Structure formats: structure tokens, C-alpha cells
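Visitor: Below are the C-alpha cells for one structure; questions will follow.
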């Protein structure tokens, strides 16, 4: 069985890969939103599982400030996803290619900064701060869970 830390980190890599695929297409002049929108769905789900399953136990164990930083950064990521979604939906895509590209690169940079803190500081606590039941719930959600309709991260509410 893969550890929770490894599974959460793998999700980061998969999300990055979807955004990077969209950027690679943009660099070739192709605007195919599917990889980006799939990455957004995965990122929103990932943020949900962190905020609802992982962070409460970690915060309760005393790691408050790092969790607050992660929550604030989730809000930034959420806002960038909303901006990109609006660009894809509300405009002639050919006219917004440069803005899409720069905003995707901004999102990738924000994810890199976020993940470089979250993976070594927050994720090791998944093995130590979650109860056995909470760890099982998180593992189950990683396998089959979906984000509830209308849910938004704490910083976007």
C-alpha cells in the first residue's frame, strides 16, 4: 500500500502534468482546454481533501501556522483557476492565448511554491497526526472521493 504522503505527492505531480500539457499545446498555438480543465477538477478535489480530511487533524496537533499558510495559498490557487476558466469560457480563445499562457505559468509557479512547502512540512504529519479512522477515511477518499458540488476552499468562501 502506498503511504498517504506518497499518494498526496503523486496527485501534485499529476495536476502539474495536466497544466504543463496545456501550456505545451499553447506554445504550439493549440488551445485544447481538456488537460487544463481536468487538472483543475483534480486540484479542486485535492484542495477539498486537504481542507476537509488532513488539515483539521494537523491543526489540532499544534501545527497551526503552516496550515494557515496552506489555506491562504489555496485561495490564491482557486482564484487563478477561476480566472483561467473565465478566460476559456468568455472569450475568443485565439484572442486570449498570451494571457492564458502567462496565467498558467503564474499558476504553475504558485503550485511549485506551495508544494515545496506542503510536501516536506505538512504531508509527513499525515502518518503521525491522523487517527487510524481519519487516515482510512482519507485513503478511501483518495481512491474514490469527489468534491461536493458547489464546495469552495476556505479562502474563497
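Residue numbers (our numbering): 8 to 164.
All C-beta atoms, glycine included, are put in the ideal place defined by N, C-alpha and C.
Quick caveat, the model's predicted, so the values are computed rather than measured.
Apart from the five residues just before and just after residue 171, which ones in its own chain have a Cβ nearer than 6 Å to its Cβ?
Guide: Residue 171 lies beyond the residue range present for the chain, which begins at 8 and ends at 164; the question has no answer from this structure.
Visitor: Does the region 42-52 come into contact with the region 11-25, if we say contact requires no fewer than three beta-carbon pairs (one atom in each stretch) closer than 8 Å?
Guide: Yes, they touch.
Visitor: Please state if the CB of residue 128 and the CB of residue 73 are separated by a distance shorter than 7 Å.
Guide: In contact: residue 73 and residue 128 (Cβ atoms closer than 7 Å).
Visitor: In three-state DSSP terms, what is residue 39?
Guide: Coil.
Visitor: How many whole angstroms separate the CB atoms of residue 77 and residue 62, which I take to be in contact at a CB cut-off of 8 Å?
Guide: At roughly 7 Å, the Cβ-Cβ gap stays under 8 Å, so residue 77 and residue 62 are in contact.
Visitor: Assess, as a yes-or-no matter, whether the region 94-108 is touched by the region 131-150 under the definition of 3 or more beta carbon pairs within less than 8 Å.
Guide: The region 131-150, when compared against the region 94-108, does not touch it at the 8 Å Cβ threshold.
Visitor: Do residue 149 and residue 31 come within 7 Å of each other at the CB atom, strictly closer than that value?
Guide: Taking 7 Å as the Cβ cut-off, residue 31 and residue 149 do not qualify as a contacting pair.
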